[in-house]
Structures are given as C-alpha cells and as structure tokens.
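Report on the following structure.
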Amino acid sequence: MTSGSFIIELKDSRNISIPPEVTNHLQLQEGDKVEVVIKKIRSKRLDIKISKNPLVKLLNLPGEPSES
Amino acid sequence: MKIMTCFIDSSAWTAIADKTDENHKAASEYFAKILESNSKLVTNNTAVDRALVQIKNQAGHKTAQKFMAVLDESILTVNLRSDWLSRRLRRNALNLYLKSTHPGLRLEHYYIFETIKRKKVDILFTFDKELNFFGLPLMPQKTSEV
Chain R
1 MTSGSFIIEL KDSRNISIPP EVTNHLQLQE GDKVEVVIKK IRSKRLDIKI
51 SKNPLVKLLN LPGEPSES
Chain X
1 MKIMTCFIDS SAWTAIADKT DENHKAASEY FAKILESNSK LVTNNTAVDR
51 ALVQIKNQAG HKTAQKFMAV LDESILTVNL RSDWLSRRLR RNALNLYLKS
101 THPGLRLEHY YIFETIKRKK VDILFTFDKE LNFFGLPLMP QKTSEV
C-alpha cells in the first residue's frame, strides 16, 4: 500500500495531523516526502459519512407500559 | 457478490420496536444481523404508517415518536429506502386486490407487492405468513410454527 486517505476536522487553518493509523500503515518516517491533496468537504456530507447507521438505535428503544 | 435487498414490513417494524411483542426477540436478532450485513433495506410509506399505529397502541406514544425519528433520520442518511406509493401504484395495487380471490390477502399486501416489483426485493423481513404468496423467502425463519 503506497497511499491512504482520511477525513479530519481542522483545528486551525494551517496545520493537519496525519492519523497514526495512516503513518503506521504507510511506514512514514521523519524526512519522507508525501504528496498532499486538499479537498474541502461540505459539513453536511461529512456528518452523513461519519455518522453511525441510525437504525441501530431501534435495537435500544425505550419501552413503556401500554397507555390503553 | 450481489447485495440483497430486504423489504421490512409493518409486522417486523412493530416487533423490533415493541419489547412486549411476541416476535421481539427474533426480530431484534435478525435486524441486528441484517444491519451488520451489506443488505439494502427497503420499506414503504404504508408499511411505516401501519407500524407507527401499532407501535403507538402497543408500546405508547414515546416509543412511537422515537421510532419515527429514527426512521426519518435513516431515510435522510440513505440507510433505509422508503418507497412512496403514488396514485398510479395505488391504482395498480387496488386493481390486483379487486381481482384477487385469495381470502388471506389484504390491500396492504398488494401495496407491498408494488414495492417488491419496483425495488427488486430479494427477501421479506416479516412475521406475516400471507406474504408467502409472493414467492419470496420470509425472514426470520421460525423453528416452531404455531
């Protein structure tokens, strides 16, 4: 594997941290040259991408006695 | 590998959401299984409406509200596809229903049949044995039938 991609939220506008999973996977070390491509993602799309499947919540719906 | 398309009917939605439903355990276990798999989940507006009424009657209005909120969110995030029955599809279902002499099939079954055709459904997640008529496997399979 020679490339990897990840989605992060910027904490400031000029710095990006590479997640350790990516550096480990690509065996990156200080001094290595890497290519960086930046693509802005609209926040709504990002929310959808990283959110868990909401249907899982149906497995833990609160029960309550019948009101009839 | 083909992705299976699974239709979830009102009996399955009710059994998942209502802890007092006799099929709750089987429904929850099977639902957890299909969520883990890559299956495409489909329902339709009539199945959801019917389930909502049953859940509100059986489990109370708070459970019904929560159920509907989860379904709305799931449809918005495309984790669940809801087929909307238009005037034309309703007419198709009505025609089939009026022609049918099958004593067990109700109008709602023909609404489901319209979605089965449109969405190319492979399996039905249901506890309604009448849906056997449409020739698709009904899940989850019970080990003992009453």
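Protein sequence lines correspond, in order, to chains R and X. Just so you know, this note's numbering puts 53 at position 53 of the first sequence, and the rest follows in order with no gaps. Just so you know, this note's numbering puts 99 at position 99 of the second sequence, and the rest follows in order with no gaps. All C-beta atoms in this analysis are idealised placements derived from N, C-alpha and C, irrespective of residue type, glycine included. Everything numeric in this text was worked out from a predicted model, so none of it was measured.
Whole-angstrom distance between residue j and residue i, CA atom to CA atom
{"i": "Ala27(X)", "j": "Lys2(X)", "result": "24 Å"}
{"i": "Arg106(X)", "j": "Ser3(R)", "result": "56 Å"}
{"i": "Ile123(X)", "j": "Gln141(X)", "result": "11 Å"}
{"i": "Ile7(R)", "j": "Val34(R)", "result": "17 Å"}
{"i": "Arg87(X)", "j": "Ala93(X)", "result": "10 Å"}
{"i": "Ser13(R)", "j": "Lys129(X)", "result": "59 Å"}
{"i": "Ala64(X)", "j": "Val22(R)", "result": "43 Å"}
Buried or exposed (CB count within 10 angstroms, at least 16 for buried), residue i
{"i": "Ser11(X)", "result": "buried"}
{"i": "Asn60(R)", "result": "exposed"}
{"i": "Leu138(X)", "result": "buried"}
{"i": "Val70(X)", "result": "buried"}
{"i": "His109(X)", "result": "buried"}
{"i": "Phe7(X)", "result": "buried"}
{"i": "Val114(X)", "result": "Per the sequence shown, the amino acid found at residue 114(X) is Glu instead of Val. Glu114(X) is buried by the Cβ-count criterion."}
{"i": "Ser5(R)", "result": "exposed"}
{"i": "Asp18(X)", "result": "buried"}
Short Cβ contact (9 Å threshold) for residue i with residue j
{"i": "Leu58(R)", "j": "Phe31(X)", "result": "yes"}
{"i": "Thr46(X)", "j": "Leu85(X)", "result": "yes"}
{"i": "Ala111(X)", "j": "Asn23(X)", "result": "One detail in the question is off: residue 111(X) reads as Tyr in this sequence, not Ala. No, Cβ-Cβ distance for Tyr111(X) and Asn23(X) is not below 9 Å."}
{"i": "Val42(X)", "j": "Thr5(X)", "result": "yes"}
{"i": "Phe127(X)", "j": "Ala51(X)", "result": "no"}
- Query: If you measure beta-carbon to beta-carbon, which residues of the stretch 10–41 of chain X are closer than 9 Å to chain R?
  - Reply: Trp13, Ile16, Ala17, Asp18, Lys19, Thr20, Ser28, Phe31, Ala32, Leu35, Leu41
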